[in-house]
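Written out below as structure tokens is the structure these notes cover.
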Amino acid sequence: MLRRLLVVYASLLLLVLAALEIPLAVAVAARDTQTLFIDQLNDTARFASLAEPALRTGEPATLRAELTRYDGLYGIAAAIVDQDGRIVVSSRPGLRLGGAARARLRAALSGDRSGIQEVVWPWRRAPLVVAEPVGRGGEVVATAITISPTDAVRSRITTRWTELAAAGLAAMLGFGLAAIPLTRWVLRPVRELDEVTGELSAGQWQARVPGTTGPAELRRLGEHFNTMAAAMSRVLEQQKAFVSYAGHQLRNPLGTLRLRVENLAPHLPPAGERDLALAIDEATRLGRILDEILALVRAEGGNYRICVVDCGRVARERVSAWRHESSGVRLRCRGANHAAALAVQGGLGQILDALIDNAVKFAGPDATVTVTVSRPYRPADAPDEPVVAIEVADDGPGLSEADLAVAVQRFWRAPAHQNVDGTGLGLAIASALAEASGGGLLLLPVRPHGLRARVVLPAAVSSAWPSGSSGPPPGAAAADSSISPRGG
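Each residue of the sequence shown is one higher than the last, beginning at 13 in the numbering used here.
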């Protein structure tokens, strides 16, 4: 915005300077032209007055000497031309009259006196021609004409114009030196507002606009923004506190209720055992829902401690842990053994647990779940921000395009999986943790069928990993370890 405002200000100043200096430059050229014309007109009139007695007496020697001396002194050719257009007396031998001089001669022989017809411009090299009629008894008998070069006048005009341009450039430079700090002062509240908005978006709810500099209107805008941010922060904190408090308060009564339901087992007839088991399962499911709601609240709370994690090591650990929970499903871990990334402390393990849990539950029996860790790379849309990608892919039925777009919403369940155990919060928690780490979660289809969940985290540079490297640490090779359920 600073550059744009400076360009606008400079454009306006340029227009103002052009509106002032262009008429002034034209006036300078017209003034110098008029000065030259008046001087030459006076000289030509004097020659016309000297020509009449010389022509009447037929003794032009004195007149010729005068013209020659004038030409030698000023470098201006002069001549006396009769009514037939012949040169009678001239200041230099072989003088020829061009088209402009002929036109002035015809006007003078008609009795018209010369006037300024064209302004001398620096690029116009034509001489200045002045013709005065020589009269006798009210009759024009000849014409006195002078032909003056305009080099000196054009040089003076060019000098004046150069001075005007230098003055305009100095004004532009002075304006620029004054406008830069002034524009920065005006835009400082906007820049502070932009920075605080980014901090609020990152979950730093205590960030506020200083509002101590800048125009009064922008300071008031900063004050109103701070008031809005404080109200929004207060509402969000109250909301999260309410959910967290309600969740904690419900866990104890729910645990007590489940215990009392289980204590009813000895007092129920055999026909009621199935209903008792269903009631205990619902109580257990409700407990899991409360736990995951609390986990989601913590994931969306912000202000996490970000640390460096080895994605390859965490992925192998979680795959090894899940082999005992995934009966009938084959788990594999591929990709880099080591890949340093920035993530919420403990967050990558929770993300992988949620994604592997979903894959194991919904891929179906005899499915294959593959966890792949990439080496750090630079994505095409952000080449200055290297990332690490961790993918959890399965070859199950997958999701439709419409379902992929809403799968990370809270409590969302696919229509085909309504009867499968789960709360619909796993992907929402994984997405919140990935975003809190500075990355994101993306769900993609697998061809011909299946689902791939890609987690992207900012790459980190460790002591064993040279800055700018696009591969794993020295000595680390890609791994393809297959882990089957129950060691199969």
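The C-beta atom is built at its ideal place from N, Cα and C for all residues, glycine as well.
Option in the options with minimal Cα separation from residue i
i: Ala351; options: Leu343, Ile402, Asp378 and Pro391; result: Ile402
i: Gly110; options: Ala138, Leu121 and Gln129; result: Ala138
i: Ala57; options: Asp124, Val38 and Ala22; result: Asp124
i: Arg328; options: Ile368, Ser160 and Trp173; result: Ile368
i: Pro227; options: Ala241, Val247, Leu199 and Ala219; result: Leu199
i: Leu354; options: Pro398, Ile157 and Gly127; result: Pro398
i: Ile128; options: Gly84, Leu62 and Ala41; result: Ala41
i: Val153; options: Thr195, Leu79 and Arg98; result: Arg98
i: Arg344; options: Thr380, Arg317, Ser103 and Leu437; result: Thr380
i: Arg272; options: Ala289, Val420 and Asn54; result: Ala289
i: Asp44; options: Glu33, Arg172 and Ala291; result: Arg172
i: Leu29; options: Gly452, Asn370, Leu194 and Leu176; result: Leu176
i: Thr268; options: Ile292, Leu364, Pro395 and Ala440; result: Ile292
i: Asp94; options: Ala60, Ala112, Asp83 and Asp55; result: Ala60
i: Gly340; options: Ser332, Gly376 and Gly147; result: Gly376
i: Arg104; options: Gly180, Asp96 and Thr80; result: Thr80
i: Arg270; options: Glu249, Ala295 and Asp287; result: Ala295
i: Ala414; options: Leu194, Leu455, Ala471 and Ser386; result: Leu455
i: Ala3; options: Ala394, Ala63 and Val420; result: Residue numbering for the chain in the displayed model covers 13 to 500; residue 3 lies beyond these limits and cannot be assessed.
i: Ile157; options: Ala219, Ala63, Thr69 and Glu207; result: Ala63
Environment of residue i [buried if 16+ CB atoms lie within 10 Å]
i: Ser479; result: The predicted model places Ser479 with a pLDDT of 40, which falls under 50 and marks its position as unreliable; any figure quoted below should be read in that light. With fewer than 16 other Cβ atoms within 10 Å, it is exposed.
i: Asn275; result: exposed
i: Leu280; result: exposed
i: Thr155; result: buried
i: Ala448; result: buried
i: Val383; result: buried
i: Leu24; result: exposed
i: Ala476; result: Its pLDDT being 39, under 50, Ala476 is placed unreliably in this model, and the value from its coordinates should be taken loosely. Exposed, because fewer than 16 other Cβ atoms sit within 10 Å of the Cβ of Ala476.
i: Ser122; result: exposed
i: Pro388; result: buried
i: Glu204; result: buried
i: Thr239; result: exposed
i: Val38; result: exposed
Bridge-paired residues (DSSP) for residue i
i: Ser61; result: The partner list for Ser61 (beta bridge, DSSP) is empty, contrary to what the question assumes.
i: Cys319; result: Ala355
i: Glu151; result: Arg148
i: Pro457; result: Leu463
i: Val409; result: Reading off the sequence, residue 409 comes out as Pro, not Val. Per DSSP, none; premise fails for Pro409.
Residues of its chain near residue i, where Cβ-Cβ distance is below 7 Å and the 5 sequence neighbours each way are ignored
i: Val458; result: Ala405, Asp407, Gly410 and Arg464
i: Leu27; result: none
i: Ala66; result: Pro72, Thr74 and Leu75
Same chain, Cβ closer than 6 Å to residue i, five either side skipped, listed in chain order
i: Leu230; result: Pro201
i: Pro134; result: Arg166, Ile169 and Thr170
Residue i beta carbon near the ligand ATP (any heavy atom closer than 7 Å)
i: Gly324; result: Among the components modelled here there is no ligand, and therefore nothing to report on the ligand ATP.
Own chain, CB closer than 8 Å to residue i, minus 5 neighbours either side, in chain order
i: Thr162; result: Leu48, Val132, Arg136, Arg137, Ala138, Pro139 and Leu140
i: Leu181; result: none
i: Ala419; result: Leu411, Ala426, Leu439 and Leu455
Three or more beta-carbon pairs under 8 Å between the stretch 134-154 and the stretch 82-98, yes or no? yes
Indicate whether the contact test is met: 3 or more Cβ pairs, each with one atom in the stretch 213-224 and one in the stretch 233-243, closer than 8 Å. yes
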